[in-house]
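At position 250 of the sequence shown the residue is numbered 250 (the working numbering), and the sequence of numbers has no breaks. Even for Gly, the Cβ is constructed at its ideal location relative to N, Cα and C. The structure appears right after this line, and notes come after that.
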Amino acid sequence: MRSPILHYPDQSPAKTPWRMLADCESLRGSFPFRIGTSSYIIPADILPNVHALAPVVDDIELVVFESADISNIPTPAVADELGRLRSLHAMSYTLHLPLDIELGHSDESYRRHSVVRCLQIIDRLKPASPFANVLHFSHPSFPQPLPTADIPRWLTALSRSVDELLAAGVPSQSLCIETLSYPFELVGEIVESRDLAVCLDIGHLLLKSYDVAAHFDRYWPRTRIVHLHGIREGRDHRDIIDLESDLLAMVISHLCDNSRERVLTLELFNEEDLALSLYKLKEFLP
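Written as structure tokens, this is what we have:
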């Protein structure tokens with residue numbers, strides 16, 4: 001997932017009147033799983049998005065980020081308000097931890113800093129009671145498709161970081177490790193040996209031409225969150241209108257199996273893509 005800021009750098013309320021979201025037909029409670037989307041559908045901060053999206057979806061992915069120049073980590077007051085809105089609207093949240101958290105970093109101080117930031121952000125958002133925390137096992141500064149040139153060292157650092165998170169009291173099944181550009185089996189042993197959960201990102205799998213069905217076969221029992229988005233002109237996080245119906249039917253069928261509570265997140269970053277994607281999902285209403 002890219003930083004949401006990059007998806008609408010020139011948008012403003014004048015250019016985006018937010019008509020489409022108001023006109024969206026709600027799919028809340030329409031499926032035996034929860035349908036969600038990101039907290040950056042309208043070009044505003046998290047709380048305005050929650051207010052706008054609560055009537056439309058069951059779950060909102062709280063996309064948080066921080067850098068030297070900008071951060072949207074909620075204040076304690078905002079976290080409390082998120083909790084109030086969760087109860088008011090009978091909805092849920094998933095928390096997407098920042099992309100610059102690098103639990104496998106070769107620099108021990110940065111690796112440790114990433115663990116501490118994970119713990120701090122998870123603690124900050126406790127009032128919102130997230131359903132799960134989405135986490136990238138990645139190294140953003142390294143060229144794709146591999147996360148690093150030294151896979152064994154990276155895996156050792158990842159293992160150490162995960163063990164520290166679990167030792168600090170983070171429930172293993174609250175950590176949903178997301179499928180990214182590299183073959184997910186690279187981290188499969190860490191996920192399975194630590195009893196972590198999985199976030200199956202369909203868009204990422206499609207973008208890299210991985211076998212989606214094979215990932216469902218292997219990782220579905222561990223999957224708590226599915227990220228769904230389409231691809232257009234080589235870019236992901238677009239609407240799902242053009243995704244094959246057989247693929248969508250497979251995803252929906254798995255989500256309807258009722259074996260555990262799950263969330264389908266339409267990981268999109270503008271109203272038009274969300275409106276089109278919700279419209280497409282109506283074809284699969286039970």
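Which one or two residues does DSSP pair with residue i in a beta bridge?
i      : result
ASP59  : GLY36, SER92
CYS24  : CYS24 is not bridged to any residue.
SER71  : GLU66
LEU175 : ASN133
HIS227 : ASP201, THR265
With burial defined as no fewer than 16 other Cβ atoms inside 10 Å of the residue's Cβ, what is the status of residue i: buried or exposed?
i      : result
ASP10  : Note that ASP10 has pLDDT 37, beneath the 50 cutoff, so the model's placement of it is unreliable and the number below is only indicative. ASP10 comes out exposed.
LYS280 : buried
SER109 : exposed
VAL115 : buried
LEU158 : buried
ASP236 : buried
MET1   : Note on MET1: pLDDT 43, under 50, position unreliable in the model; no value is reported.
PRO43  : buried
Quick check on the DSSP output: the alpha helix (DSSP H) that includes residue i runs from which residue to which?
i      : result
ARG153 : 151-167
CYS118 : 108-124
LEU207 : 202-207
GLY29  : Where GLY29 is concerned, there is no enclosing alpha helix (DSSP H), given that its DSSP letter is neither H nor E.
GLY230 : Note, GLY230: premise wrong, no alpha helix (DSSP H); beta strand (DSSP E) at 230-232.
ILE241 : Counting along the chain, ILE241 falls outside any alpha helix (DSSP H), and DSSP gives it neither H nor E.
SER277 : 271-281
SER193 : 188-193
Measuring alpha carbon to alpha carbon, tell me which residue in the options is nearest residue i.
i      : options                        : result
GLU283 : LEU248, LEU146, TYR110         : LEU248
ALA79  : ARG112, HIS113, GLU66, PRO130  : PRO130
ARG153 : LEU180, LEU166, LEU186         : LEU186
LEU103 : SER87, LEU146, VAL162, ALA52   : VAL162
ALA213 : ASP246, GLY188, THR148         : ASP246
PRO147 : TYR93, LEU119, LEU180          : LEU180
SER193 : LEU155, GLY230, ILE202, PRO183 : LEU155
ILE240 : ASP257, LEU268, LEU205         : LEU268
Could you round the C-beta distance between residue i and residue j to whole angstroms and report it? I think they count as a contact, below 8 Å.
i      : j      : result
PHE33  : ARG262 : 5 Å
LEU266 : LEU228 : 6 Å
ALA128 : GLY83  : 5 Å
ILE121 : ILE46  : The Cβ separation is near 13 Å, so there is no contact.
HIS136 : LEU99  : 6 Å
VAL63  : ILE35  : Not confirmed; about 17 Å, so no contact.
So residue i is in the beta strand (DSSP E); what residue range does that whole segment cover?
i      : result
VAL134 : 133-135
HIS215 : Element bounds for HIS215: not the beta strand (DSSP E) but the alpha helix (DSSP H), 212-219.
GLY104 : Neither: GLY104 is in no beta strand (DSSP E) and is coded neither H nor E.
LEU264 : 263-266
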